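Asks: Structure provided below as structure tokens; questions to follow.
Number of protein chains: 2
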Amino acid sequence: MAYRLDEQIGYILRLANQRHASVFNKHSDLGLTPTQFAALVRIGEMGSCSQNLLGRRTAMDVATIKGVVTRLKAKGFIQLSADPGDKRRTVVSLSPQGQDVLDQLHQFGARVTEDTLAPLNKEERKVFLDMLKRLT
Amino acid sequence: MAYRLDEQIGYILRLANQRHASVFNKHSDLGLTPTQFAALVRIGEMGSCSQNLLGRRTAMDVATIKGVVTRLKAKGFIQLSADPGDKRRTVVSLSPQGQDVLDQLHQFGARVTEDTLAPLNKEERKVFLDMLKRLT
DNA sequence: GGATGTTTATTAGTGTACAAACGAATATAC
DNA sequence: GTATATTCGTTTGTACACTAATAAACATCC
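Chains as they are written, first to last, in the numbering used here: chain L, 139 to 274; chain H, 139 to 274.
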């Protein structure tokens, strides 16, 4: 059997990611990227936390979360403050505007997942998500 | 049911991609990135072709394939030439060194796919790859 | 309480990834 | 055979993503 790029898991994962990004951008009205979306939703789940912890809980490198936080701050969705108990830390929390859009983000996210998984039926989606999670 | 980031297909896909990249880099001895690997294998499949066509066949943007070709050329795996019939085109082909490592690349790629899919058994892999392809 | 080690954040450098705009070359329409 | 459209490659700008190095703050051990 000849080796084929189209059967490589890494290549197919890249294609699936591209399609998801395309679906995401098609529906996005808030001007967020998938990464910024993930960080914002996670802050909503966790409440305020340090920039470093936020990076770990969203699987982002320290350098990556730094840029994401900078851009979310510039867009007005989050606010930063000093941690009174630890001078190393920058505490990240939702701004009032960030709080306001949280429900909207959840609905948006659900729609993106729905559209991305559209080629699979209900039963397949469950099986697929389960297997995909095991690969992480 | 509360909305959760950990159930978002886009987020999980990103995690799976991260794990694949990690497996790829752990085994890589040729100093290639997954993207460079994909381009090189594709040239091996197609023979020489234009830079633009190579980009389309590896799902890379014109600006992206430009950088990838530049770096593969710098590493000595490919060579560039002018298309005698179309002055717009840059023809990309494997260098002798690129030809030499092709078999090695195939074996390497098979091992990366194997290791990345390790959490799934034989039957599951088939089902998973089939469903993943439908999402592209 | 002082040496040691860890955590947190920043910076610099490399490599995807995409959009937009551009000029040159080619193809098509009429 | 000329106007129009398309293709090809390049460049600019923004946004991840990771490595490595650095410095400040904190924790621990003795």
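Ideal placement from N, C-alpha and C gives every residue a C-beta, glycine not left out.
All figures in this text were calculated on a predicted structure; none of them were measured in a lab.
Can you find at least 3 beta carbon pairs, one from the segment 219-239 of chain H and one from the segment 210-229 of chain L, that sit closer than 8 Å?
Replies: Taking 8 Å as the limit for Cβ pairs, the verdict is that the segment 210-229 of chain L does not touch the segment 219-239 of chain H.
Asks: Give me the DSSP bridge partner(s) of LEU218/L.
Replies: For the purposes of this step, residue 218/L is taken as residue 80 along the first sequence, with counting starting at 1. LEU218/L pairs with VAL230/L.
Asks: Should GLU145/L be listed as close to the ligand ATP, given that the test is whether its C-beta is under 8 Å from any heavy atom?
Replies: Of ligands this structure carries none, so the ligand ATP is not represented either.
Asks: Who are the neighbours of GLN156/L on chain H, taking C-beta pairs under 9 Å?
Replies: In the first sequence, the residue the question calls residue 156/L occupies position 18. Simply ALA197, THR274.
Asks: By DSSP, does SER188/H sit in helix, in strand, or in coil?
Replies: What you label residue 188/H is simply residue 50 of the second sequence in a count that begins at 1. Three-state result, SER188/H: strand.
Asks: Using 10 angstroms around the beta-carbon of PRO222/H, count the other beta-carbons present and answer buried if the total reaches 16, otherwise exposed.
Replies: The residue given as residue 222/H occupies position 84 in the second sequence. So PRO222/H ends up on the exposed side.
Asks: Can you round the beta-carbon distance between GLY185/L and PHE162/H to whole angstroms, since I take them to be within the 8 Å contact cut?
Replies: The residue given as residue 185/L occupies position 47 in the first sequence. The residue given as residue 162/H occupies position 24 in the second sequence. Not a contact, Cβ separation roughly 36 Å.
Asks: Please confirm whether HIS165/H has its beta-carbon closer than 9 Å to some beta-carbon of chain L.
Replies: As a first step, residue 165/H is located in the second sequence; it is residue number 27 there, counting from the start. Output row for HIS165/H: interface = no.
Asks: Would GLY193/L be called buried (16 or more neighbouring beta carbons within 10 Å of its own) or exposed?
Replies: Indexing the first sequence from 1 puts residue 193/L at position 55. Classification for GLY193/L: buried.
Asks: MET198/H to LEU267/H, Cα distance in whole Å?
Replies: Locating residue 198/H in the second sequence gives position 60, counting from the first residue. Locating residue 267/H in the second sequence gives position 129, counting from the first residue. Cα to Cα, MET198/H sits roughly 21 Å from LEU267/H.
Asks: Of the choices ASN259/H, LYS211/H, ALA201/H, LYS225/H, whose alpha-carbon is the least far from that of LEU273/L?
Replies: As a position in the first sequence, residue 273/L is number 135, starting the count at 1. Residue ASN259/H is the option with its Cα nearest to LEU273/L.
Asks: Please confirm whether ALA212/H has its beta-carbon closer than 9 Å to some beta-carbon of chain L.
Replies: By one-based count along the second sequence, residue 212/H stands at place 74. Output row for ALA212/H: interface = no.
Asks: Apart from the five residues on each side of it in sequence, which residues of its chain come closer than 7 Å, Cβ to Cβ, to LEU243/L?
Replies: Taking the first residue of the first sequence as 1, we reach residue 243/L at position 105. So the qualifying residues of the chain are PHE175, LEU178, VAL179.
Asks: Under 7 Å, CB to CB, which of the residues in the segment 239-250 of chain L have a partner in chain H?
Replies: HIS244, GLY247, ALA248, VAL250
Asks: What does the alpha-carbon distance come out to for the pair THR354/L and LEU210/H?
Replies: Lying before the first or after the last residue shown, residue 354/L is absent from chain L, which here runs from 139 to 274.
Asks: Hey, does THR254/L have any beta-carbon neighbour from chain H nearer than 9 Å?
Replies: For the purposes of this step, residue 254/L is taken as the residue at position 116 of the first sequence. Taking Cβ atoms only, chain H reaches closer than 9 Å to THR254/L, which makes this a yes.
Asks: Thinking C-beta only, is ALA256/H closer than 9 Å to LEU270/L?
Replies: Numbered from its first residue, the first sequence carries residue 270/L at position 132. Numbered from its first residue, the second sequence carries residue 256/H at position 118. Contact: no.
Asks: Within the continuous alpha helix (DSSP H) that includes GLY169/L, where are the two ends?
Replies: Counting from one through the first sequence, the residue named residue 169/L turns up at place 31. Unbroken run through GLY169/L: none, as it is neither H nor E.
Asks: Which of the three DSSP states, helix, strand or coil, is assigned to ASN259/L?
Replies: Within the first sequence, the letter at position 121 stands for residue 259/L. Here ASN259/L sits in coil by DSSP.
Asks: Put THR202/L into one of helix, strand or coil per three-state DSSP.
Replies: Numbered from its first residue, the first sequence carries residue 202/L at position 64. In the structure shown, THR202/L sits in a helix (DSSP, three-state: H, G or I).
Asks: Taking only beta-carbon atoms, is GLU261/L less than 9 Å away from chain H?
Replies: Reading the first sequence from its first residue, position 123 is the one you call residue 261/L. It does not; no Cβ of chain H falls within 9 Å.
Asks: I need the straight-line Cα distance from LEU240/H to ARG142/H, nearest angstrom please.
Replies: Working through the second sequence from its first residue, we reach residue 240/H at position 102. Working through the second sequence from its first residue, we reach residue 142/H at position 4. Roughly 43 Å between the two C-alpha positions.
Asks: Buried or exposed: THR208/L, going by 16 or more other Cβ atoms within 10 Å of its Cβ?
Replies: Stepping through the first sequence from its first residue, residue 208/L is reached at position 70. Looking at its Cβ environment, which holds fewer than 16 other Cβ atoms inside 10 Å, THR208/L is exposed.
Asks: Less than 7 Å between C-beta atoms, sequence neighbours within five positions excluded: which residues of the same chain meet that for HIS165/H?
Replies: Reading the second sequence from its first residue, position 27 is the one you call residue 165/H. Same-chain partners within the cutoff: PHE246, ARG249, VAL250.
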